[in-house]
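What follows is a set of notes on a single structure, which appears directly below.
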């Protein structure tokens, strides 16, 4: 299947997913393309097609940055899915260096982890101007724990001097379309 060619009639925005290993960055990237494909604005790219290198498939982790493109009613997006593993941090830095904004994916089941904080710091150092927090796996924790995780994620972001905090939650698979539509506008 040939890649869809985008005509640049809309403002362009470079975004990317960053965060700790196994928190759902690639899954969110695939979900974004699925939601937008259903609306006729992108080609769906499945999880296993984003992490497609043989070593990535064998190990079940993102090693290199992966790139997808999509559009919303307002913008054209180039999306970089960055690796979360500490061994591949230079690949994350390379991907983040061109971002206009990042989606920091935090698994509610774990909360912010060492790589979460490192990715925030590195995004700041390479000049990423804005980060949106996407709280993933919220179905695995109760409401009280989720509220504490929201506070912890906000503190982590505030400590690194990013502007306003915009937490997004994947309440359940059926609710992701609404959340993605709100975020991507």
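Residue numbers (our numbering): 13 to 197.
Backbone N, C-alpha and C define an ideal beta-carbon position, used for all residues, glycine too.
Proximal residues to residue i (C-beta, below 6 Å), its chain only, five neighbours per side dropped
i           : result
residue 26  : 90, 110, 111 and 112
residue 115 : 29, 144 and 146
residue 56  : 45, 46 and 49
residue 24  : 88
Per-residue DSSP class, three states only, for residue i
i           : result
residue 93  : strand
residue 131 : helix
residue 47  : helix
residue 147 : strand
residue 139 : coil
residue 62  : helix
residue 109 : coil
residue 42  : helix
residue 57  : coil
residue 23  : coil
residue 200 : Here the chain comprises residues numbered 13 to 197, so residue 200 is not present and cannot be evaluated.
Anticipated Cβ contact below 8 Å, residue i with residue j, distance rounded
i           : j           : result
residue 120 : residue 153 : 5 Å
residue 123 : residue 164 : 6 Å
residue 84  : residue 59  : Residue 84 to residue 59, Cβ: 21 Å. No contact.
Residues that DSSP places opposite residue i in a beta bridge
i          : result
residue 83 : 88
residue 28 : 92 and 114
Contacts around residue i, its chain only, beta-carbon distance under 7 Å, and the 5 residues preceding and following it disregarded
i           : result
residue 175 : Residue placement at residue 175 cannot be trusted, given a pLDDT of 47 that sits under 50; what the coordinates show is reported in the next sentence. These residues qualify, in order along the chain: 142.
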